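*Asks:* What follows is a structure written as structure tokens; I'll ask about it next.
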Amino acid sequence: MNDIKKKTLISTLSLFFQSGYSAILGFIANLVITIVLSPKIFGIYFTVLSIMAILNYFSDIGLAASLIQKKDIHQKDVSTVFTVQQILILSIILIGFLSTNFIVNFYQLPPEGKHLFWALLLSFFLSSLKTIPSIFLERKIQFQKIVFVQVAENTFFYLTVIILAILGFKLNSFTIAVIFRSLVGLILIYIFSPWKINIGIDFQSLKKLLSFGLPFQTSSFLALIKDDLLTLYLSKTLGFEILGFLGWAKKWAESPIRIIMDSLSRVLFPLFSRFQDDKEKLKTTLEKVVYYQSMIIIPSIFGLILMMGKIVDIIPKYSKWSIALPYFYIFSFSALLSSYSTPFINFLNGIGKIKISFNFMVFWTIFTWILTPILTNLFSGFGFPLTLLILSLSFILVVLETKKQINFAFLKNVFPFFISSLIMFLIIFFSPFYKFKTIEFLIININLGIITYLLTLKILFNISLLEEIKNLWKTFQQ
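Put into structure tokens, the structure is as follows:
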């Protein structure tokens, strides 16, 4: 148990480092490319990524998740997963390549868009070769090694994009960067987790793996329909430019979620799977996740809402994104609420209640596709953000369903951080410093917000952030 705790702590900290590092690097890259490139090019990039996400869905049918969730695996399981996955991937790449002209004509992509699509197909194949080595590391909860690979990939990707965008490569900046990232990641993952490729299919093993994999992948398919297929719909309905504004707003609004919850999710799924027979351990882990998630995410999103307008005004040539600020504010509130669905969906998947999480995905998918066209027709670009805001309220249903599986405290782990963040928001908003639009006052406001939040937590709720970090470290060391 102590070994698992230490591995979990190291893995979680490694993932947070990777997310933080990538966020900073991504922030710099986004600043550069959103200054240099137009919203239309951003829209094309998001569209092509969504096409690839749809192709990517059919590459796995849930087999990788089955290997992670399975208590014990054998060589026949590994070779079966790899062989089936490669058959699927090579078939999809062939279909994708043959569909190039149709995709280019349907979305009226420029030649650079076609080249980006081909680069993503190549990246798709190279990434598939990383699956088995990554699974071995995830099962051992050695995410720090996966993190190193991801850090290297992101460094090559963002630096290449920045340099080429400045040199005037425009959309081709992404094309070249995608290929570099894939090659770097493939080489490094095999250094950290060597695996001799084995080909072969054991149909008995395949049947057992699919019993978990197919329901799991079906949920992924619904997420695909809900998110990436919707992006293709919006790009065709609203055009690349508005999609670029929506993509920019959503990306920034969800940045705290991507940093915190994506890292936690990677660790939580295998961790909950390990503890699925220990209800007390599950309860304690779930409450701590909600507690620390709230401590970081709520003030981060409130702070972003306060500062994003200032950032757009301060950065040179960034005012073109001011049109997207209303989208950003709506996305921010929906991101905050929906973030409370993530740990509980991971919990349900981890303890094998895949059908419950699947039902939620069905609900979200159906209503996303019902509401988005209606609200888009009524409110144009605001339709999609409003849809997400409405559906994000369903996190309450996810919490209640999880409580049926295990009794845990929710509100008491959220309330102190919500109140402290709200007080921070009001103090900054009415501060005399807030009206100024210079980098100096932006820094003052950020520091004032951090101090206000920490003092409010201490004075009203006797919570010290430093002490909480120490306690968290001690918990994992016990």
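Numbering-wise, the sequence shown is residues 13 to 490 according to the numbering used here.
Heads up, the beta-carbon is just placed ideally off N, CA and C, and yes, glycines get one too.
Predicted, not measured: the structure shown is a model, and the values here were computed from it.
Under a Cβ-count criterion, where at least 16 other Cβ atoms within 10 Å of its own Cβ denotes burial, should Gln120 be classed as buried or exposed?
*Replies:* Residue environment: Gln120 is assigned as exposed (fewer than 16 neighbouring CB atoms within 10 Å of its CB, all protein chains considered).
*Asks:* Is the Cβ-Cβ distance between Asn166 and Glu124 less than 7 Å?
*Replies:* Not a contact, by the Cβ cut-off of 7 Å.
*Asks:* Would you decide whether Asn459 is buried or exposed? Buried here means 16 or more other CB atoms lie within 10 Å of its CB.
*Replies:* exposed
*Asks:* Can you name, in chain order, every residue of its own chain whose Cβ lies under 6 Å from the Cβ of Leu244, other than the five neighbours on each side?
*Replies:* Ser62
*Asks:* For the 8 Å Cβ check, are there 3 or more pairs between the region 322-341 and the region 189-202?
*Replies:* no
*Asks:* How long is the line joining the alpha carbons of Leu469 and Glu413, rounded to whole angstroms?
*Replies:* 30 Å
*Asks:* Does the pairing of the region 343-350 with the region 294-303 give three or more beta-carbon distances under 8 Å?
*Replies:* no
*Asks:* Quick check on the burial criterion: 16 or more other C-beta atoms within 10 angstroms. Buried or exposed for Leu360?
*Replies:* That one is buried.
*Asks:* Have a look at Ile431 and Phe437 and give me their C-alpha separation to the nearest angstrom.
*Replies:* Going from the Cα of Ile431 to the Cα of Phe437 covers about 10 Å.
*Asks:* Alpha carbon to alpha carbon, how far is Ile439 from Pro268?
*Replies:* So the two alpha carbons sit approximately 22 Å from each other.
*Asks:* How would you label Pro355, buried or exposed, when you count the other beta carbons within 10 angstroms and need 16 or more for buried?
*Replies:* buried
*Asks:* Lys424: buried (16+ other C-beta within 10 angstroms of its C-beta) or exposed?
*Replies:* exposed
*Asks:* I'd like the span of the alpha helix (DSSP H) that includes Trp376, first residue to last.
*Replies:* 366-391
*Asks:* Between Thr450, Gln305, Val90, Phe58, which has its C-alpha nearest Glu253's C-alpha?
*Replies:* Phe58
*Asks:* Who are the near neighbours of Phe441 in its chain, counting only those whose CB is closer than 6 Å to its CB and skipping five residues on each side?
*Replies:* So the list is empty, once near-sequence residues are dropped.
*Asks:* When you compare the CB positions of Ser91 and Phe148, do they come within less than 7 Å of one another, or not?
*Replies:* Contact flag unset, no.
*Asks:* For Ile47 and Ser433, what's the separation of their Cα atoms in angstroms?
*Replies:* 31 Å
*Asks:* Assign Val410 to one of three DSSP states: helix, strand, or coil.
*Replies:* helix
*Asks:* Going by the beta-carbon positions, is the gap between Ile188 and Pro145 smaller than 7 Å?
*Replies:* No.
*Asks:* Between which residues of its own chain and Leu403 is the CB-CB distance below 8 Å, once the five residues before and five after are set aside?
*Replies:* Ser346, Ser350, Trp376, Phe379, Thr380, Leu383
*Asks:* Let's test the definition: count the other Cβ atoms within 10 Å of the Cβ of Glu479 and tell me whether it reaches 16, buried, or not, exposed.
*Replies:* exposed
*Asks:* Output yes or no for whether 7 Å exceeds the beta carbon distance between Ser135 and Val190.
*Replies:* Yes.
*Asks:* Considering only residues of the same chain and omitting the five flanking positions on each side of Ala41, which have a CB-CB separation below 6 Å?
*Replies:* Tyr170, Val173, Ile174
*Asks:* What does the alpha-carbon distance come out to for the pair Ile451 and Gly315?
*Replies:* 16 Å
*Asks:* Beta-carbon within less than 6 Å of Ala261's beta-carbon, same chain only, minus the 5 sequence neighbours each way: which residues are those?
*Replies:* Ala336, Tyr339, Phe340, Phe343
*Asks:* Assuming the contact rule is C-beta atoms closer than 8 Å, Val426 and Ser306 should be a hit. Round their C-beta distance to whole Å, please.
*Replies:* 5 Å
*Asks:* Under a Cβ-count criterion, where at least 16 other Cβ atoms within 10 Å of its own Cβ denotes burial, should Ile56 be classed as buried or exposed?
*Replies:* buried
*Asks:* From Pro385 to Ser139, what does the alpha carbon distance come to, in whole angstroms?
*Replies:* 34 Å
*Asks:* Would you mind stating whether Pro428 and Phe473 have Cβ atoms separated by less than 7 Å?
*Replies:* yes
*Asks:* What three-state label does DSSP hand Trp207 in the structure shown?
*Replies:* coil
*Asks:* Is it the case that the Cβ atoms of Gly212 and Thr95 are separated by a distance below 7 Å?
*Replies:* yes
*Asks:* Would you call Asp325 buried or exposed, if buried means 16 or more other Cβ atoms sit within 10 Å of its Cβ?
*Replies:* Flag for Asp325 reads exposed.
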